[in-house]
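Enquirer: This is the structure, below, for whatever I ask next.
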Amino acid sequence: MKHGSSDLNMLDRKIIQWQKDLNIPNVAIGIIENNKLIKSKVYGSLNNGAPAPKNMIFEVASLTKVVFSTMVLQLVQDGKWDLDEPLANYYIDPEVASNPYSKVLSTRHVLSQQSGFDNWRWMDLTGKLTFNFEPGTKFNYSGEGMEYLKSAIEKKFNRSLAQLSDSILFKPLQLKDTHHAWDGKTNFDRHSRMYDADGKEITRTDYSIRASAAAGLTTTIDDLSKFAIAVIKGDLISKKLSREMIKTQAVISPNLQQGLGWRIINGLPNHEYALQHAGNDQGVAAIMVLLPKSKRGIIVLTNADNGLMMCNNVVRAAFPEGTQIIHKAYKSTKLNEIPPTIKLPDSILKTYVGKYKREDGVDVSVTLTNSGLVLRMAGIPLLNLLPQTEGKFFLMDLDPTVFFTKNKDGSINSVSIKDGENVIKCLKTAG
-11 MKHGSSDLNM LDRKIIQWQK DLNIPNVAIG IIENNKLIKS KVYGSLNNGA
39 PAPKNMIFEV ASLTKVVFST MVLQLVQDGK WDLDEPLANY YIDPEVASNP
89 YSKVLSTRHV LSQQSGFDNW RWMDLTGKLT FNFEPGTKFN YSGEGMEYLK
139 SAIEKKFNRS LAQLSDSILF KPLQLKDTHH AWDGKTNFDR HSRMYDADGK
189 EITRTDYSIR ASAAAGLTTT IDDLSKFAIA VIKGDLISKK LSREMIKTQA
239 VISPNLQQGL GWRIINGLPN HEYALQHAGN DQGVAAIMVL LPKSKRGIIV
289 LTNADNGLMM CNNVVRAAFP EGTQIIHKAY KSTKLNEIPP TIKLPDSILK
339 TYVGKYKRED GVDVSVTLTN SGLVLRMAGI PLLNLLPQTE GKFFLMDLDP
389 TVFFTKNKDG SINSVSIKDG ENVIKCLKTA G
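Numbering (the working numbering), first residue to last: -11 to 419.
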């Protein structure tokens, strides 16, 4: 589908309205058609009131993973790195050195999110890096896996991630504003800052970012659009390796497969498939969806906790198959299939209300509104909890489930968010 100027003007109006509704100061979008960037725009203003510059710098959270994965596949393409060689030949994390799985963990396991690790080691009861299953046997999303691979690559080449990415990927594509590490000062005047779900700025004493393969990349909408076009055109790796990249390496849900780095959405109209990845962190949300067969793509960058909702809204509005893409990316159910809910009396709902703390110290709260229970945690949108049973709740637009646990006396002691194998447990600290 070609976008006419009236379609794009309508999208502008919608985005400006969603910004107000969702408390998102800045949004950047890039729309690609026929391998060309047909729309690139940054909405909102800087926090000094000046209009947001075209080259506003955004953090992109886990979108970092597909940029890193692409650089790794370029090393594979050049014969300098092997997808299936054990990473132990270059690096073993001391916390898993005694586990035999550390001898078999490979790049393929990491890029296909089958490393065997939790998302982050603090999620494990021990607080240490732990293999939860044999690498390569099932899907479990993990930032730790990406960091592990980064350590192995840095050891082999004796160069930092920032140096490698600059020389292999960023400089050749002329991505002048894209960096894995940031001192927190350079170009601070055009950095987007971060905002919570109420639109209040999340201030930091130190804005610097340590280079990571899993998150923290800083970039602009035009830089990321150049990267996206190069991926769609197949300019970065061979056709053979591209086929490996989009092949189902692991199954995430009936609607979503995991390739190498990218999530793959199959079964779209006209035999189309999508490469998709998103990122979510405190005051940061971003998404990239590429449709290689029809040479289209969209990128949305935001700087607020409610940004994920903006990203999903824009994708749904920008593409005819947008609703299907977002559903398949975030839900394992059939389109328009909603689980049955039960009605819980306020007397029960009130027992869940209170303050909780995540294992890494982040504050979480559960409040009761006219629409029911709302869970609030830094870095994610406000979550409306829909009751399936007295202690288990689901989310309308996302797959994770939320459940509460009780003490023997019936009082609530924790709330947990379960996303696949990853469980974030938050202990109740106050009523």
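Positions of the beta carbon are idealized from the N, C-alpha and C atoms, including for glycine. Because the structure is a prediction, the values reported are computed rather than measured.
Have a look at the DSSP bridge pairing and note the partners of Phe121.
Expert: Position 133 of the sequence shown, counted from the start, is the residue given in the question as residue 121. BP columns for Phe121 are empty, so no partner.
Enquirer: What are the start and end residues of each continuous beta strand (DSSP E) run of 3 or more residues lying completely inside the stretch 232 to 307, in chain order?
Expert: With a minimum length of 3 residues, the continuous beta strand (DSSP E) runs that stay inside the stretch 232 to 307 are 238 to 241, 244 to 246, 251 to 256, 260 to 269, 272 to 279 and 284 to 290.
Enquirer: Classify Lys235: buried if its beta carbon has 16 or more other beta carbons within 10 angstroms, exposed otherwise.
Expert: One-based indexing of the sequence shown puts residue 235 at position 247. Exposed.
Enquirer: On the DSSP bridge list, what partners appear for Phe145?
Expert: For the purposes of this step, residue 145 is taken as the residue at position 157 of the sequence shown. None, per the DSSP bridge assignment.
Enquirer: Could you give the first and the last residue of the continuous beta strand (DSSP E) run that contains Ile412?
Expert: Position 424 of the sequence shown, counting from 1, holds the residue named residue 412. Ile412 -> beta strand (DSSP E) spans Asn410 to Ala418.
Enquirer: Taking Val272 and Met365 to be in contact with their CB atoms under 8 Å, please state how far apart those CB atoms are, rounded to whole angstroms.
Expert: Taking the first residue of the sequence shown as position 1, residue 272 is located at position 284. Taking the first residue of the sequence shown as position 1, residue 365 is located at position 377. Val272 to Met365, Cβ: 14 Å. No contact.
Enquirer: Between the stretch 307 to 318 and the stretch 254 to 262, do three or more beta carbon pairs fall short of 8 Å?
Expert: These segments touch.
Enquirer: Sort Gln312, Gly267 and Ala216 by Cα distance to Leu244 and report the nearest one.
Expert: As a first step, residue 244 must be located in the sequence shown, where it is residue number 256. For Leu244, the nearest C-alpha among the options comes from Gln312.
Enquirer: Please tell me whether Leu415 and Lys331 are closer than 8 Å, where the distance is taken between their beta carbons.
Expert: The residue you call residue 415 lines up with position 427 of the sequence shown. The residue you call residue 331 lines up with position 343 of the sequence shown. Against a cut-off of 8 Å, the Cβ pair of Lys331 and Leu415 comes out as no contact.
Enquirer: Does the contact criterion of 3 or more C-beta pairs under 8 Å hold for the stretch 138 to 149 versus the stretch 106 to 126?
Expert: Contact fails: fewer than three Cβ-Cβ distances are below 8 Å.
Enquirer: Over the uninterrupted beta strand (DSSP E) stretch that includes Arg364, give me the two end residues.
Expert: Here residue 364 refers to the residue found at position 376 when the sequence shown is read from its first residue. Arg364 -> beta strand (DSSP E) spans Gly360 to Met365.
Enquirer: Label Thr58 either buried or exposed according to how many other C-beta atoms from any shown protein chain fall within 10 Å of its C-beta, with 16 as the threshold for buried.
Expert: Locating residue 58 in the sequence shown gives position 70, where the first residue counts as 1. Per the 10 Å Cβ criterion, buried.
Enquirer: Judging by CA-CA distance, which residue of Asp9, Ile26 and Gly247 is the nearest neighbour of Gln102?
Expert: Locating residue 102 in the sequence shown gives position 114, counting from the first residue. Nearest C-alpha to Gln102: Gly247.
Enquirer: Do the CB positions of Lys202 and Gly249 come within less than 8 Å of each other?
Expert: The sequence position of residue 202 within the sequence shown is 214, counting from 1. The sequence position of residue 249 within the sequence shown is 261, counting from 1. Reading the sequence as shown, one finds Ala at residue 202 and not Lys. It is not a contact, given that the beta carbons lie outside the stated cut-off.
Enquirer: Hey, Gly32 and Asn14: beta-carbon distance below 8 Å or not?
Expert: The residue you call residue 32 lines up with position 44 of the sequence shown. The residue you call residue 14 lines up with position 26 of the sequence shown. Yes.
Enquirer: Based on the DSSP secondary-structure assignment, which residues constitute the bridge partners of Ser427?
Expert: Residue 427 is absent from the structure shown; the chain starts at -11 and stops at 419.
Enquirer: Take every Cβ of the stretch 76 to 96, pair it with every Cβ of the stretch 121 to 129, and state whether three or more of those distances are shorter than 8 Å.
Expert: Result yes; three or more Cβ-Cβ pairs closer than 8 Å.
Enquirer: Report the CB separation of Leu296 from Asn268 in whole angstroms; it is logged as a contact under 8 Å.
Expert: Position 308 of the sequence shown holds residue 296. Position 280 of the sequence shown holds residue 268. Contact flag correct, Cβ pair sits at about 6 Å.
Enquirer: Out of Pro375, Thr339 and Asp334, which has the shortest C-alpha to C-alpha gap to Lys394?
Expert: For this step, residue 394 is matched to residue 406 along the sequence shown. Looking at the Cα atoms, Thr339 is the closest of the given residues.
Enquirer: Can you check DSSP and say which residues form a bridge with Lys394?
Expert: Within the sequence shown, residue 394 is the residue found at index 406, counting from 1. In DSSP, Lys394 forms a bridge with Ile400.
Enquirer: Near Ser196, which residues of its chain fall below 7 Å by C-beta distance, leaving aside the five closest residues on each side in sequence?
Expert: Position 208 of the sequence shown, counted from the first residue, corresponds to residue 196. Around Ser196: Trp170, Asp171 and Gly172.
Enquirer: What three-state label does DSSP hand Leu10 in the structure shown?
Expert: On the sequence shown, residue 10 is found 22 positions in, with the first residue counted as 1. If DSSP states are grouped into helix, strand and coil, Leu10 belongs with the helices.
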